[in-house]
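Down below is the structure, laid out as structure tokens.
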Amino acid sequence: MTFSEISSFSPTNVMIKEMAKPATATQNSKFLSRHLQLLPSAYESNDTARLTLAFFIVEAMAIVGESVTEESRRGYIDYIYSCQLTHSNGGGFRGSLSMGKQRYDQNEIPTYDPSNLTMTYTAILLLGLLRDDFTRLDMAGVLQSIRDRRHPDGSFSPTPTNSESDIRLVYCACAISTLIGDFSAIDVASTLAYIHGCRTYDGSYSQIPNAEGQGGTTYCALASLEMISKHLSQQNRQQELLSQEDVHCTLRWLAQRQVDGFQGRTNKDSDTCYSFWIRGAFNSLKSLANLPTDLHLFDDEQDGHFIISCAHALGGIAKYPDEFPDVLHNCLGLSALSMAQNRVEQAQSFSHINSTLNVDVSSLEHIHTCINTLKEPL
Amino acid sequence: MFPWFSTMLYAERDDFKDLQPIPQDEGPSPLAPINYSPKCECRDPCFVGSLALKMTPDKDAMDMFRAVVHANEKSERALGLTEDIIRMNAGHYTVWHYRTTIIVELGLDIQAELKLMDELSTEFLKSYQVWHHRRLCVGLLATSTSPFASKDAPAAVTIAASPETSSPPPPLESSKELAQSELKFVAELFYATDDPKNYHTWVYRQWILTYFDKILQDEDRHLEFEFIESLIKDDIYNNSVWSHRFFCLFKLGWLQTTLEAEIEYVLSKIGIAPSNMSSWNYLRGLLKANRRGLNDERVLQFSETLVKAKSASDDMKPPVPALEWLADAALEDKNPIATKYYLQLKEMDPIRRHYWSWKSHLALAA
Chain A
1 MTFSEISSFS PTNVMIKEMA KPATATQNSK FLSRHLQLLP SAYESNDTAR
51 LTLAFFIVEA MAIVGESVTE ESRRGYIDYI YSCQLTHSNG GGFRGSLSMG
101 KQRYDQNEIP TYDPSNLTMT YTAILLLGLL RDDFTRLDMA GVLQSIRDRR
151 HPDGSFSPTP TNSESDIRLV YCACAISTLI GDFSAIDVAS TLAYIHGCRT
201 YDGSYSQIPN AEGQGGTTYC ALASLEMISK HLSQQNRQQE LLSQEDVHCT
251 LRWLAQRQVD GFQGRTNKDS DTCYSFWIRG AFNSLKSLAN LPTDLHLFDD
301 EQDGHFIISC AHALGGIAKY PDEFPDVLHN CLGLSALSMA QNRVEQAQSF
351 SHINSTLNVD VSSLEHIHTC INTLKEPL
Chain B
1 MFPWFSTMLY AERDDFKDLQ PIPQDEGPSP LAPINYSPKC ECRDPCFVGS
51 LALKMTPDKD AMDMFRAVVH ANEKSERALG LTEDIIRMNA GHYTVWHYRT
101 TIIVELGLDI QAELKLMDEL STEFLKSYQV WHHRRLCVGL LATSTSPFAS
151 KDAPAAVTIA ASPETSSPPP PLESSKELAQ SELKFVAELF YATDDPKNYH
201 TWVYRQWILT YFDKILQDED RHLEFEFIES LIKDDIYNNS VWSHRFFCLF
251 KLGWLQTTLE AEIEYVLSKI GIAPSNMSSW NYLRGLLKAN RRGLNDERVL
301 QFSETLVKAK SASDDMKPPV PALEWLADAA LEDKNPIATK YYLQLKEMDP
351 IRRHYWSWKS HLALAA
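Chains as they are written, first to last, in full-length UniProt numbering: chain A, 1 to 378; chain B, 1 to 366.
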């Protein structure tokens, strides 16, 4: 699709007539390639988070079995690396080159163009999705960028200049550490204490300690606990991170969240992204608490039905039925369908995903293989 | 002063003509580039669909912002430029950070900044940055010896130094009025925006209560419980309010009641809406926080009455959470009747049939 075609793209009229039609995989592919080439200007306020938007697009492509052309693939990888800051510039990845500069002088820390922990997490996943060999990844820089964002209470902030910190960034720090196989930038004891501090009276987890529990933050907390638990057992320092009583309380809260699709909080409406967050949280809890792998909690048919009712006639999945799609809800909706694929006909050919890291299984294997090869002594 | 909100392009403005705008250069293969609008006011509303009403930053302002940052200019016109961009893209953390630096370095009026935040927090209710900035302002106003306000050290360095500076020093006694006016602002915002479940707003209110806890008086606490009560009256299903009540009682430790009285309070609310999971979950949390199990005589009796009353009428099913309480309490006691209850729940609540089946197996094995 050309620039002018995209500029004149106006979904309003078509929408009203064709809303009820479920989107086919082809329509979803069109939605994806259109967005990868040029995001509509509605995404302007996300320019600093563009690697994350690109991740949602490319991951969705992997789920439905699409790939980018060889030429684009190389170009995208180069672009992602141009967002990387070297170790001497503070390390990690920026979300885009929106501050206009690719490189900084040796030892210059760009205060107004810092890397962002969330972008570093999605950059690594994107490189895996694009089958990069990771030889250009500045591992020391990545570790440095986690350390610089660590707070004494075990939480993390997105940039060193930003003092806001919460469980979402704890998740990003744990995910990056898992992807590169190195937890040395995390102080496990304080981070565990922070996660436990986010636990609420109903068994969910909140964004910061003592706030209201929510589906996305519960996913972040349980996936982080799962990753930390795996790290500890690799070090032969196995610990029980949740009591049996807590496990049951959280399972109950997760089961309660299904209304047709899933709601993020008690007494709220369903929203496609929670189909992913709640399912992901459940998977992590299963692994953490050694629950039977065949334990099911949810009604997959109803969830699948809800997600498909949020699909737009021109492709893409929205937050709610009758809404416009966006790349985040599209990707998370597809991920959730993939997790429910045994019961959802439309999703049977979808790739399997690893819900803890939120990426398809084959890309994750590729990342692990490359990182392990790089770490082998020459 | 400066025409902040001029429709004229920054590149053409007289007051910025000494700066050369720096365009975004992204190399040959940009990934998912964004179709920047030339100027937000003149966009076709159909184009961006449902998001059309939201203003977006135009290329022109960002080009000038890059030039300002490149020149490291901290000035009133740069402050105006950041406001202009923030109004179009409230999530741009670099722009917010630059704005904070300007205010601190130039020693500008924080009260005026807070006033501006009144407007921006209403408009960009769901922006993390706007609430974070508001916190910085309140922290500065509430302390005279704030590290943020230090004129000796360059502000960028002070704020950026390390995450340890994330919370300001304790507030001065004299800032009680500030705390009260912030609480009033947030309360009004819930009504003004018709969004009393907004996560950011609640997190901010709880920060205010925590930060100013030591200087708040009993009458302020009393007012907070009145506020909670009015929100529960408005919408008994609002989980955020229940969560906030728990926060005040147990996290801030504002216990103004006994456990028994609080149980009675919740039961009276459950009487109004017997299937409301928010109040049932609160009740479970309440007992747990007091190291009590589910086998509380008063609650068991209440749940049994509810289940019986509803089962007796033909068209009404017993409320799931009441029967669930009986089932979970029986399981806690290893009473075999739990299995029967779970199988009943499986019939009544088919969307959770796998969950209830699993619970019935646990009960059998107990």
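Cβ atoms here follow ideal geometry from the backbone N, Cα and C, with glycine treated the same way.
Select from the options the residue whose C-alpha is nearest the C-alpha of residue i.
i	options	result
B:LEU141	B:SER243, B:GLU119, B:PRO168	B:PRO168
A:THR122	A:ILE208, A:ILE371, A:ARG50, A:PHE183	A:ARG50
A:MET339	A:GLU323, A:ASP322, A:HIS296, A:HIS312	A:HIS296
B:ALA273	B:PRO319, B:ARG99, B:GLU304	B:PRO319
A:ALA25	A:ARG131, A:SER349, A:LEU364	A:SER349
A:SER204	A:SER351, A:ARG252, A:ILE109	A:ARG252
B:GLN180	B:LEU79, B:ARG221, B:ILE34	B:ARG221
B:ALA289	B:TYR265, B:SER268, B:GLY253	B:GLY253
A:SER224	A:HIS196, A:PHE324, A:VAL259	A:HIS196
B:ARG352	A:ARG131, A:VAL142, A:PHE262	A:PHE262
B:ASP109	B:LEU120, B:TYR93, B:LEU79	B:LEU79
A:ARG279	A:LEU127, A:ALA255, A:ASP322	A:ALA255
B:ASP118	B:ALA11, B:GLY107, B:TRP131	B:TRP131
A:ASP290	A:GLU365, A:THR135, A:LEU241	Reading the sequence as shown, one finds Asn at residue 290 of chain A and not Asp. A:ASN290 has its Cα closest to that of A:LEU241, out of A:GLU365, A:THR135, A:LEU241.
Can you tell me whether DSSP reads residue i as helix, strand or coil?
i	result
residue 387 of chain A	In the structure as shown, chain A begins at 1 and stops at 378. Residue 387 of chain A is therefore absent and cannot be evaluated.
A:TYR205	strand
A:SER349	coil
A:ASN89	helix
B:ARG353	helix
A:VAL259	coil
A:VAL361	helix
A:GLN84	strand
A:ARG94	coil
B:LEU9	coil
A:ARG149	coil
B:PHE124	coil
B:GLY49	Note that B:GLY49 scores 31 on pLDDT, short of 50, meaning its location in the model is unreliable; the coordinates nonetheless yield the value given after this. B:GLY49 falls in the helix class under three-state DSSP.
A:GLN241	The amino acid at residue 241 of chain A is misidentified as Gln; the sequence shows Leu. In this structure, A:LEU241 counts as coil in the three-state DSSP scheme.
B:THR165	Its pLDDT being 44, under 50, B:THR165 is placed unreliably in this model, and the coordinates cannot settle the point.
Ignore the nearest five residues each way along the sequence and tell me which others in residue i's own chain have a CB closer than 6 Å to its CB.
i	result
A:ILE124	LEU179
B:TRP280	PRO321
A:ASN116	GLY95, PRO158, THR159
B:LEU9	ASP60
B:ILE270	SER279
B:SER127	ALA90, GLY91
B:ARG99	THR82
A:ARG147	ALA185
A:CYS273	HIS329, LEU332
Less than 7 Å between C-beta atoms, sequence neighbours within five positions excluded: which residues of the same chain meet that for residue i?
i	result
B:ILE22	ASP63, ARG66, ALA67, HIS70
A:SER165	HIS151, SER155, PHE156, SER157
B:GLU182	VAL138, ILE208
For a contact defined as C-beta to C-beta under 7 Å, what are the partners of residue i on chain D?
i	result
A:SER284	Structure shown: chain D not included; protein chains present are A and B.
Check whether the Cβ of residue i lies closer than 7 Å to any heavy atom of the ligand FMN, and answer yes or no.
i	result
A:GLY90	With respect to small molecules bound, the structure shown includes none, and the ligand FMN cannot be examined in it.
Excluding sequence positions up to five away, which residues of its chain have a Cβ less than 8 Å from the Cβ of residue i?
i	result
A:THR191	GLY154, SER155, VAL170, ALA173, CYS174, SER224, ILE228
B:LEU125	LEU189, THR193, ASP195, ASN198, HIS200, THR201
Using a Cβ-Cβ cut-off of less than 9 Å, give me the residues of the segment 238-251 of chain B that come near chain A, in sequence order.
Cβ contacts with chain A: ASN238, ASN239, SER240, TRP242, SER243, HIS244, PHE246, PHE247, PHE250, LYS251.
Contained alpha helix (DSSP H) runs [length at least 4] in the segment 271-339 of chain B, N- to C-terminal order
You should have 277-289, 297-312, 320-332.
Residues of the segment 207-225 of chain A whose Cβ lies closer than 9 Å to any Cβ of chain B, in chain order:
Listed by position along the chain: GLN207, ILE208, PRO209, ASN210, ALA211, GLU212, GLY213, GLN214.
What are the residues of the segment 15-28 of chain B that lie near chain A, defined by any Cβ-Cβ distance shorter than 7 Å?
From the segment 15-28 of chain B, only ILE22, GLN24, ASP25, GLU26, GLY27, PRO28 have a Cβ closer than 7 Å to chain A.
May I ask you to list, following chain order, the residues of the segment 297-315 of chain A that have a beta carbon less than 8 Å from some beta carbon of chain B?
Residues LEU297, PHE298, ASP299, GLN302.
Could you pull out every unbroken alpha helix (DSSP H) segment of at least 4 residues lying fully inside the segment 101-136 of chain A, listed in chain order?
List check, alpha helix (DSSP H) in window: 117-129.
At 4 residues or longer, what runs of the alpha helix (DSSP H) sit wholly inside the segment 205-267 of chain B?
Within the segment 205-267 of chain B, the complete alpha helix (DSSP H) segments at least 4 residues long are 218-234, 239-246, listed from N- to C-terminus.
Residues of the segment 281-312 of chain B with Cβ closer than 9 Å to any Cβ of chain A, in chain order:
Residues passing the 9 Å Cβ filter: ASN281, TYR282, ARG284, GLY285, LEU286, LYS288, ALA289.
Chain B contacts made by the segment 23-36 of chain A, where a contact means CB separation under 9 Å:
Those would be HIS35, LEU36, in chain order.
Quick one, which residues of the segment 66-79 of chain B are near chain A if we go by CB-CB under 7 Å, in chain order?
Result list: ARG66, VAL69.
Chain A contacts made by the segment 96-120 of chain B, where a contact means CB separation under 7 Å
Residues of the segment 96-120 of chain B whose Cβ lies closer than 7 Å to any Cβ of chain A, in chain order: HIS97, TYR98.
Any C-beta of chain B within less than 8 Å: which residues of the segment 261-294 of chain A qualify?
For the segment 261-294 of chain A, which is checked against every Cβ of chain B, the residues closer than 8 Å are ARG265, THR266, ASN267, LYS268.
Taking a cut of 8 Å between CB atoms, which residues from the segment 76-108 of chain A lie near chain B?
Across the segment 76-108 of chain A, CB contacts with chain B closer than 8 Å involve TYR76, ASP78, TYR79, ILE80, SER82, SER96, LEU97, SER98, MET99, GLY100, GLN102, in sequence order along the chain.
Within 9 Å of chain A by C-beta, residues of the segment 185-207 of chain B in sequence order:
Closer than 9 Å at the C-beta level to chain A, one finds these residues of the segment 185-207 of chain B: LYS197, TYR199, TRP202, VAL203, GLN206, TRP207.
Going along the segment 41-54 of chain A in order, which residues come within less than 9 Å of chain B, judged by CB to CB distance?
Going along the segment 41-54 of chain A in chain order, one finds SER41, ALA42, TYR43, GLU44, SER45, ASN46, ASP47, THR48, ALA49, ARG50, LEU51, LEU53, ALA54 with a Cβ nearer than 9 Å to chain B.
Threshold first: 4 residues or longer. Then list the alpha helix (DSSP H) segments lying entirely within the segment 257-314 of chain A, N to C.
Fully enclosed alpha helix (DSSP H) runs of 4 or longer: 272-288, 300-309.
Residues within the segment 162-176 of chain A neighbouring chain B, beta-carbon criterion of under 8 Å
Listed by position along the chain: ASN162, SER163, GLU164, SER165.
Against chain B, which members of the segment 112-124 of chain A pass a CB distance test of less than 9 Å?
So the close ones are TYR112, ASP113, PRO114, ASN116.
With 8 Å as the C-beta to C-beta threshold (strictly closer), list the residues of the segment 221-240 of chain B near chain A in chain order.
From the segment 221-240 of chain B, only TYR237, ASN238, ASN239, SER240 have a Cβ closer than 8 Å to chain A.
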